[in-house]
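Student:
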Amino acid sequence: MLFNSQIFIFLFLPLALGGWYLLGHFKLYSLAQAFLIGMSLWFYGYFHPSYLLIILDSMAGNYLISLLLEKWKGKHAPKVCLALGLVFNIGILGYYKYYDFFVENVNALFRADFTLKHIILPLGISFFTLQQLSYVIDRCWGTAPHYKLLDYLCFVTYFPQLIAGPIVLHSEMIPQFQDLSKRKFSAADFADGTILFCLGLIKKVLLADSLAIFVNEGFTKVWWLDTPSAWLVALAYAFELYFDFSGYCDMALGIGKMFRFDLPVNFKSPYKSHSVTEYWQRWHYTLTRFLTTYLYMPLTMKGMRKKNKKVKKLYTVLSPLIVFLVSGIWHGASWTFVFWGLCWGIAAVWAQRKFWKLKKNFASWLCTFVFTVFAAAIFRSESWVVMCRFLKAMFVPSVSKILIEISYSFESLSENYVWSRLLEQLRPSLLNIAYPAFLAVLLLISALILRGKNAQEILADQKQKGFTGRFTAVLVLLTAWAIISLNQVSTFLYFNF
Amino acid sequence: MSREEVFGKINEVFRDTFDDESITVSDATVASDIDGWNSLAHVGLLVNVEECFGIRFSMGEASTMKNVGEMVDVILKKLGN
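Right under this line is the structure:
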């Protein structure tokens, strides 16, 4: 089920909230948790009922590992359970996400003919696998207790974060599920949650989906792109990706708030960053947190403890490279994602060198932003060939009239129907100016929004001011517009990862 | 070793690691309080603290310290105080 669908907004969400608070009101706390798990499984199984088997298997396996650690007090128990947890989780993810990629490469490398399985990636598997992996690792590191089954199932399945994050930790979610004082409805939290949800919906439906029309057309015409159009398509995609994913996260946080649960903030105005390091503290923060805690720290600590200075130095270079390569392959089973990770890794290694310590100024912001636009182009390319063609268009100067042709894609936007038909009748030649002008306005609005306050800051600001009438009117108007546009429902970009 | 003595030694480690003689840490000091305290510097700091006190942090300890106060608590525990 999609957050930006009418069945979710008008049926699922009211039902889930109503049931949760009603059972809480009658102090049927365990039943309320069971109800929430059931609703979350409905939400997940709505995409494809067979996915339920995968998530149930995954939860059963990880819970059993935790139980084994609880019962077995032997000296080697943490190491054995850690190995079991890694093999089990990476094994599941490997099979569903990377099997075909692996076989394709083996076939290409050895001229073999192994059959591909064409496995459809189960939704959210990358997210709930990391979430559970972090729990199992924490159990083995001795920093997590063994939880009751209901608490654990709630932690994994809780529907706002199930499909595309944020990647939550047990330590920030389970205490909230256990806190019975949170089971009572709060009008203030509900209002905060509704505002966050509306802001996310507006970002997704009105901005991301509009930008997507231009981006998709640009990538369809990749062979004819000239330099300005390639940069504009990449820029539009960088904006689209942010509005799409952060819009989803705002909605997730908003729904969480309606249930009185706080999810971690995943986006903190990333395009305001002045360095690569800062960018990854602001963009998809919970993924950065996972990779830093469970991969970067153990790797780097191992290296820094070595006596040999050259080995130490090697680890400081290799660790960020490995982390970003893993991040790349986590995003998708394709060599373009590996290359994307490699580019970020090299940038991160470069950024940590002392000679590359830029001051926070316009130049450092511009360098970082241009790099993120370049990386976005790689990220969006569906194949190596498309990526090479796109990068060639970006970096080998050429000029043509392709931009006008691509901007004609805005014709399909229902908001443009009336004026474009009118112009077509009166002055068709003006459409050659009108559609590029529409693109310019859309990019300008996006840039202004990105420069301003993010959803969390807007909410905090309005709470302080006591919600102004102007803000409420604009929010209601834009939300209504977004809901009307829901008949052109599109999925979220991060559902593919 | 008393808590004050640990703080005195740890303050020196901070100054050496971040190459800044003006640093004075307290229980509540966190990464955002010190310029340059990023993930690489954090690992460097932990290893320098290990060498200074002759201890070794487990990954569980290294990943859960939220401020300098918690780091000092772990050191004191490891030293048997």
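The listed protein sequences derive, respectively, from chains A and B.
Add 1 to the 1-based position in the first sequence for our numbering, that's all there is to it.
Add 1482 to the 1-based position in the second sequence for our numbering, that's all there is to it.
The beta carbon of each residue, even a glycine, is placed where N, CA and C say it ideally should be.
If we ignore side chains and look at the alpha-carbon of each, how far apart do L151/A and C82/A end up?
Tutor: Cα to Cα, the separation comes out at about 22 Å.
Student: In chain B, which residues lie less than 7 Å from M174/A when you measure between Cβ atoms?
Tutor: Going along chain B, no residue has its Cβ under 7 Å from M174/A, so there is no contact; the nearest lies around 16 Å.
Student: Going along the chain, which residues of its own chain have a beta-carbon closer than 7 Å to the beta-carbon of Q282/A, five neighbours each way excluded?
Tutor: Counting only Cβ-Cβ distances below 7 Å, and skipping sequence neighbours, we find T289.
Student: For V1550/B, which of helix, strand or coil comes out of DSSP?
Tutor: Helix at V1550/B.
Student: Using a Cβ-Cβ cut-off of 6 Å (strictly less than) and excluding sequence neighbours within five positions of S172/A, which residues of its own chain qualify?
Tutor: If we look at S172/A and ignore the five residues flanking it on each side, it has no Cβ neighbours.
Student: By the three-class DSSP mapping on this structure, what secondary structure does F356/A have?
Tutor: With a pLDDT of 49 at F356/A, under the threshold of 50, the modelled position of that residue is not reliable, and the figure given next carries that caveat. Three-state result, F356/A: helix.
Student: Alpha helix (DSSP H) containing I66/A: first to last residue?
Tutor: Here the alpha helix (DSSP H) through I66/A covers 52–72.
Student: Less than 8 Å between CB atoms is the rule here; does V1488/B satisfy it with respect to chain A?
Tutor: So, not an interface residue.
Student: Taking I1495/B and V1531/B to be in contact with their CB atoms under 8 Å, please state how far apart those CB atoms are, rounded to whole angstroms.
Tutor: Checking the displayed sequence, the identity of residue 1495/B turns out to be Val instead of Ile. Indeed they touch by this definition, with Cβ atoms about 5 Å apart.
Student: Are the C-beta atoms of N63/A and some chain B residue less than 8 Å apart?
Tutor: So no, N63/A is outside the interface.
Student: Is it the case that the Cβ atoms of I56/A and F89/A are separated by a distance below 8 Å?
Tutor: Cβ distance not < 8 Å, so I56/A and F89/A don't count as in contact.
Student: Alpha carbon to alpha carbon, what distance is there between A61/A and S1545/B?
Tutor: Their backbone Cα atoms lie some 26 Å apart in a straight line.
Student: Does the beta carbon of P229/A sit closer than 8 Å to a beta carbon anywhere in chain B?
Tutor: Not closer than 8 Å to any Cβ of chain B, the Cβ of P229/A fails to qualify, so no.
Student: Which whole runs of the alpha helix (DSSP H) in the stretch 12–51 of chain A are 4 residues long or more, in chain order?
Tutor: Here the runs fully enclosed are 14–26, 30–46.
Student: What separation, rounded to the nearest whole angstrom, lies between the Cα atoms of T158/A and T373/A?
Tutor: When rounded, the distance between both Cα atoms is 32 Å.
Student: Using a beta-carbon distance below 8 Å, is F356/A in contact with chain B?
Tutor: A caution first: F356/A carries a pLDDT of 49, below 50, which makes its placement in the model too unreliable to give a value.
Student: Is the Cβ-Cβ distance between L12/A and P161/A less than 8 Å?
Tutor: No, they are not a contact pair.
Student: Out of L207/A, K204/A, L54/A, S421/A, state which residue places its alpha-carbon closest to the alpha-carbon of I126/A.
Tutor: When each option's Cα is compared against that of I126/A, the closest is L54/A.
Student: Restricting to runs no shorter than 4 residues, where is the alpha helix (DSSP H) found entirely within the stretch 452–480 of chain A?
Tutor: Listed in chain order, they are 456–466.
Student: Does chain A have any CB closer than 8 Å to the CB of V1544/B?
Tutor: Reading the sequence as shown, one finds Ala at residue 1544/B and not Val. True, the Cβ-Cβ gap to chain A drops below 8 Å.
Student: If F370/A sits next to Y249/A, beta carbons under 8 Å apart, how far is it from one beta carbon to the other, in whole angstroms?
Tutor: At roughly 22 Å, the Cβ-Cβ gap does not stay under 8 Å, so F370/A and Y249/A are not in contact.
Student: Going along the chain, which residues of its own chain have a beta-carbon closer than 7 Å to the beta-carbon of Q132/A, five neighbours each way excluded?
Tutor: Around Q132/A: V157, I168, V169.
Student: What are the boundary residues of the alpha helix (DSSP H) that includes D251/A?
Tutor: Counting along the chain, the alpha helix (DSSP H) containing D251/A begins and ends at 228–259.
Student: Can you name, in chain order, every residue of its own chain whose Cβ lies under 8 Å from the Cβ of L280/A, other than the five neighbours on each side?
Tutor: Sequence inspection shows Tyr at residue 280/A; the Leu mentioned does not correspond to that position. Excluding positions up to five away in sequence, the list reads P271, S274, T369, T373.
Student: Alpha carbon to alpha carbon, what distance is there between W225/A and M298/A?
Tutor: Whole-angstrom Cα-Cα distance: 45 Å.
Student: Since G1526/B is in the alpha helix (DSSP H), which residue starts that stretch and which ends it?
Tutor: Taken as a continuous stretch (DSSP letters only), the alpha helix (DSSP H) holding G1526/B covers 1521–1535.
Student: For V386/A, tell me which candidate among L414/A, K76/A, T337/A has the shortest Cα-Cα distance.
Tutor: Per the Cα distances, T337/A.
Student: Please identify, using Cβ separations under 7 Å, the residues of the stretch 1510–1535 of chain B that lie next to chain A, in order along the chain.
Tutor: Listed by position along the chain: N1520, S1521, L1522, V1525, G1526, L1528, V1529.
Student: Is the shortest distance between the beta-carbon of M1541/B and the beta-carbons of chain A less than 8 Å?
Tutor: Closer than 8 Å: yes.
Student: Here's the rule: buried if 16 or more other CB atoms are within 10 angstroms of the residue's CB, otherwise exposed. What is T294/A?
Tutor: By the 10 Å Cβ count, T294/A comes out buried.
Student: Decide yes or no for the touch test of the stretch 211–223 of chain A against the stretch 381–399 of chain A: beta carbon pairs closer than 8 Å, at least 3 of them.
Tutor: At 8 Å Cβ cutoff, the stretches touch.
Student: If you reduce the DSSP assignment to three classes, tell me which class L117/A lands in.
Tutor: Reduced to three states, the DSSP call for L117/A is coil.
Student: Note down, in chain order, every chain B residue with its Cβ under 8 Å from the Cβ of V299/A.
Tutor: Note that residue 299/A is Pro in the sequence shown, not Val. By Cβ distance, chain B contributes M1541.
Student: Quick one: residues in its chain with C-beta nearer than 6 Å to the C-beta of S247/A, no 5 flanking neighbours on either side, listed in chain order?
Tutor: These residues qualify, in order along the chain: F268.
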